[in-house]
Amino acid sequence: MTTTSLKEPLRGSSSGAAAREPRRRRTGRIRRIGLPYLLLLPALLLELLVHLVPMVIGIVMSFKELTQFYIRDWGTAPWSGLGNYKVSVDFDAPVGQALLHSFYVTVGFTLLSVGLCWLIGTAAAVYMQDTFRGRGLLRALFLVPYALPVYTAVITWVFMFQHDNGLVNHVLHDQLHLTGKPSFWLIGDNSFYALLTVSVWKGWPFAFLIVMAGLQNIPRELYEAAALDGAGMWQQIRRITLPSLRPVNQVLVLVLFLWTFNDFNTPFVLFGKAAPEAADLISVHIYQASFVTWNFGTGSAMSVLLLLFLLVVTGVYLVLTSRGRRSADV
Amino acid sequence: MSAIPEGTRETMRSIRAAAIGAVTMSLALAASACGGGSSSGGGSNDSPKTLTYWASNQGASIAVDKKVLQPELDKFEKQTGIKVKVEVVPWSDLLNRILTATTSGQGPDVLNIGNTWSASLQATGALLPWDAKNFAKIGGKDRFVDSALGSTGAEGKDPAAVPLYSMAYALYYNKEIFADAGISKPPATWDELVADGKKIKAKGKSPLGAEGSSLAENIHHVFVFAKQHGADFFTADGKPDFTNDGVVTAVKQYVDLMAKDKVIPTGNAEYAQNQSVSDFAKGKQAMLLWQSAASNLKSQGMSDSSYGIAPVPVQSGTPGTGTQVNSMVAGINLAVFKNTDNLDGATKFVKFMTGDAEQKVLNTAYSSIPPVKAAQTDSTFNSPSNAVLKDTLAKSAAALPQVADESQFETAVGTAVKDLFADAAAGRAVTTDSVKAKLEKAQQQMPAK
């Protein structure tokens, strides 16, 4: 019974075309299964070409003494073994010290920037949850920094941060009289805050966008029930909003972290080739170590170290957060 | 199954087409990826009818350069039938572009380089060496001025490029501001400059401009100050020596123009986009130390008659003006990329650009001095302002160190001076010790030999 009932519909469907049918069906199935792969092929090849191949070449380069004398013909560059890595992590010597300093600056900067982006983005998204007049307009306005081309946005900030004619000094010093004399924002110690400001300004709309999307999935009834139980707004946020946003936040923070830690455009456009020590982010530091001093071997070694660090952080983060989630599920 | 509706068949057909398209594109991508980067070989004549030329940005803007160059390139095409595709590359990108071209082997046929990069680029082997045979094709080495030839590569090696435009630093001063402040003649020594600066400040103008965040400008100035103190940044055998007393004194003297003497406004510490030239052109600032600024000032609306031009000041006492070094040998060299596929055409183009007639046209347009002897004697280059530049080049200009590490030196020491300016601007003390510490750090960043 069972066999016939299984075969019946098949036979029925192939009744018209006899012997050629099974073969065509098989090729049809291969075609159907193969099609997604076929369509993915360009993306896959591009991914190989744009990301993986350069990455592998970078790793190979990090073991070579690739200075200006050899860049014309990489093959002739002598192997230096772990030499480039030794130079990079010898924290008693100037190159290693500078890298370590840059690393600390980057970690501090990233923590602050991601924290602020998340905080502002979440706060804005929560407040924008209720409908009110002009909400659409405000939402669109909030997304402007995210939609602007990075270069244009940051170069505008450069103008605003100028010492002599910049808007920031005009407001802080000339109008509000908060500072005794006009401050320098693009050189010296303040450059860290300038960088942080631009980074947060540029990054928080993304957090806002993602959290806003996440909020749409929280059923309104939960809030209504909580309100009936006498929960205030703060309690609702703590007990309902934040736990419900957990999976969204998990990805959001990771993505923000990776973007901020690796950000090259913002510091490069703000400060040029030689960033002030206070704002010496690691990506620009590595750029300088390789492009400006023409030592691509050391630069690559530093990049590989950075890659390893980010891999470890990401790995640990994913393990910790997913374990947390699993225990929460139980 | 056999009776597939017409619409579905359509979709399947278009899916198949898409799939075929996808595969074709992937193959094309893979093929082009493999095809690139063949950096072997040392030039050929495979495409004799075209040339690619990377010009440096010499005029007030890239558009100005195109306007200057295009008629000349048309002339060249008429003479030789070779079409030259020109791209004016901004200074901020030029060195990186050349490095990328060197690495990939895919570059222009002919290119402009800053003459201070000659030895660094020579070391990469990317540029065609100008041996006697190649020089003979463009009329011989002795057509060029010696000082310009001194900035074309390491000593004892065949030059990596030939001189195209020569420039020198001079002191540009605003006549009206000087008259208001009761100053009758431009300062000849730094002491006089500082004294004049006080009078100018009393009139509410800023005395002197600087590009404190421009690594190249910083280098050019501290190099000259070092020469004036009898010091060099490199030992005779080419090793970095940034912390010797002369160099430390020199760097401190330059930064002290802002920190101690206060003739450079603190705001200039963050200048790197030629803002000091604009400040001067707008009449906000009395003096400017710049190389061949005439055409730039003109394009910013400053008339020739409103400013004077004098040699860059020197140290007080002997040996004094005229003998002490007061400028680097600034300039642009023309190089041929070794991987060119039109070697003969490239050589012809270099011959054309360094020919007497073109030298006159181009150097007039850019207010520079021709490094070609025959062109230099032309009356166009005898105006008072050009006389100062010519005189400086002939008597008191020195070439920046012609060592392979020159580019790294510019970055390391240029950054140190930038940081010192930042200290001065923030009101922090700039002392001999702090200068030495920064220079020591710069020296440690230099490639180990």
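Quick note, the sequences are listed as chains Z and F, same order.
Here the first sequence is numbered in this note's numbering, starting from 1 and rising by one per residue.
Here the second sequence is numbered in this note's numbering, starting from 1001 and rising by one per residue.
Using N, Cα and C, we set each Cβ at its ideal position, and we do this for glycine too.
Because the structure is a prediction, the values reported are computed rather than measured.
Local Cβ density within 10 Å of residue i, reported as buried at 16 or more and exposed below that
{"i": "ARG133 (chain Z)", "result": "exposed"}
{"i": "LYS1137 (chain F)", "result": "exposed"}
{"i": "TYR1254 (chain F)", "result": "buried"}
{"i": "LEU1334 (chain F)", "result": "buried"}
{"i": "GLY34 (chain Z)", "result": "exposed"}
{"i": "ARG220 (chain Z)", "result": "exposed"}
{"i": "TYR1169 (chain F)", "result": "buried"}
{"i": "TRP1091 (chain F)", "result": "exposed"}
{"i": "SER102 (chain Z)", "result": "buried"}
{"i": "SER88 (chain Z)", "result": "buried"}
{"i": "GLY1037 (chain F)", "result": "Note that GLY1037 (chain F) scores 39 on pLDDT, short of 50, meaning its location in the model is unreliable and no value can be drawn from it."}
{"i": "PRO1311 (chain F)", "result": "buried"}
{"i": "GLU1410 (chain F)", "result": "buried"}
{"i": "ASN1342 (chain F)", "result": "buried"}
Short Cβ contact (9 Å threshold) for residue i with residue j
{"i": "SER283 (chain Z)", "j": "PHE264 (chain Z)", "result": "yes"}
{"i": "ALA1060 (chain F)", "j": "GLU1087 (chain F)", "result": "no"}
{"i": "ASP1344 (chain F)", "j": "GLY188 (chain Z)", "result": "no"}
{"i": "SER1206 (chain F)", "j": "GLN1324 (chain F)", "result": "no"}
{"i": "LYS1049 (chain F)", "j": "LYS1078 (chain F)", "result": "no"}
{"i": "TYR1366 (chain F)", "j": "TYR1165 (chain F)", "result": "yes"}
{"i": "THR1103 (chain F)", "j": "ARG238 (chain Z)", "result": "no"}
{"i": "SER1276 (chain F)", "j": "ASN1268 (chain F)", "result": "yes"}
{"i": "LEU1389 (chain F)", "j": "MET1328 (chain F)", "result": "no"}
{"i": "ILE210 (chain Z)", "j": "LEU252 (chain Z)", "result": "yes"}
{"i": "LYS1203 (chain F)", "j": "ASP1180 (chain F)", "result": "yes"}
{"i": "PRO205 (chain Z)", "j": "VAL154 (chain Z)", "result": "no"}
{"i": "ALA1293 (chain F)", "j": "TYR1172 (chain F)", "result": "yes"}
Secondary structure of residue i, DSSP reduced to three states
{"i": "TRP1130 (chain F)", "result": "coil"}
{"i": "PHE1223 (chain F)", "result": "helix"}
{"i": "GLU1077 (chain F)", "result": "helix"}
{"i": "VAL1430 (chain F)", "result": "coil"}
{"i": "THR106 (chain Z)", "result": "helix"}
{"i": "SER1061 (chain F)", "result": "coil"}
{"i": "LYS1085 (chain F)", "result": "strand"}
{"i": "SER1056 (chain F)", "result": "strand"}
{"i": "TRP294 (chain Z)", "result": "coil"}
{"i": "GLN1315 (chain F)", "result": "coil"}
{"i": "SER1166 (chain F)", "result": "strand"}
{"i": "LYS1284 (chain F)", "result": "coil"}
{"i": "GLN1106 (chain F)", "result": "coil"}
{"i": "GLN1443 (chain F)", "result": "helix"}
{"i": "TYR317 (chain Z)", "result": "helix"}
{"i": "ASN169 (chain Z)", "result": "helix"}
{"i": "GLY1308 (chain F)", "result": "strand"}
{"i": "ALA1398 (chain F)", "result": "strand"}
{"i": "TYR287 (chain Z)", "result": "helix"}
{"i": "PHE1242 (chain F)", "result": "coil"}
{"i": "GLY1364 (chain F)", "result": "The amino acid at residue 1364 (chain F) is misidentified as Gly; the sequence shows Thr. Looking at THR1364 (chain F) - three-state DSSP - the assignment turns out to be helix."}
{"i": "PHE1233 (chain F)", "result": "coil"}
{"i": "LEU1171 (chain F)", "result": "strand"}
{"i": "GLN175 (chain Z)", "result": "helix"}
{"i": "LEU1051 (chain F)", "result": "strand"}
Alpha helix (DSSP H) segment containing residue i, residue limits
{"i": "ASN1112 (chain F)", "result": "First-last for ASN1112 (chain F): 1110-1114, but that is the beta strand (DSSP E), not the alpha helix (DSSP H)."}
{"i": "SER1299 (chain F)", "result": "1294-1299"}
{"i": "TRP259 (chain Z)", "result": "242-262"}
{"i": "LEU195 (chain Z)", "result": "191-215"}
{"i": "LEU84 (chain Z)", "result": "First, the residue type needs correcting, since residue 84 (chain Z) is Asn and not Leu in the sequence shown. From DSSP, the alpha helix (DSSP H) with ASN84 (chain Z) extends over 83-89."}
{"i": "GLY1331 (chain F)", "result": "No alpha helix (DSSP H) contains GLY1331 (chain F), which is instead part of the beta strand (DSSP E) from 1330-1336."}
{"i": "ASN1326 (chain F)", "result": "Careful: ASN1326 (chain F) lies outside any alpha helix (DSSP H) and carries neither H nor E."}
{"i": "ARG72 (chain Z)", "result": "Unbroken run through ARG72 (chain Z): none, as it is neither H nor E."}
{"i": "PRO145 (chain Z)", "result": "144-147"}
{"i": "GLU1410 (chain F)", "result": "1406-1425"}
Delimiting residues of the beta strand (DSSP E) encompassing residue i
{"i": "SER1206 (chain F)", "result": "1206-1208"}
{"i": "ILE1138 (chain F)", "result": "That residue, ILE1138 (chain F), is in no beta strand (DSSP E); it is neither H nor E in DSSP."}
Rounded Cβ spacing between residue i and residue j (contact assumed at less than 8 Å)
{"i": "ALA1402 (chain F)", "j": "ALA1154 (chain F)", "result": "Strictly speaking, residue 1402 (chain F) in this sequence is Gln, with Ala absent from that position. With a Cβ gap of about 5 Å, GLN1402 (chain F) and ALA1154 (chain F) count as contacting."}
{"i": "PHE1352 (chain F)", "j": "PRO1370 (chain F)", "result": "Not quite, the Cβ-Cβ distance comes to about 14 Å (not below 8 Å), so this is no contact."}
{"i": "THR293 (chain Z)", "j": "PRO1447 (chain F)", "result": "7 Å"}
{"i": "VAL1222 (chain F)", "j": "GLN1376 (chain F)", "result": "29 Å between Cβ atoms; not a contact."}
{"i": "TYR317 (chain Z)", "j": "LEU222 (chain Z)", "result": "Not a contact, Cβ separation roughly 28 Å."}
{"i": "LEU66 (chain Z)", "j": "GLY297 (chain Z)", "result": "4 Å"}
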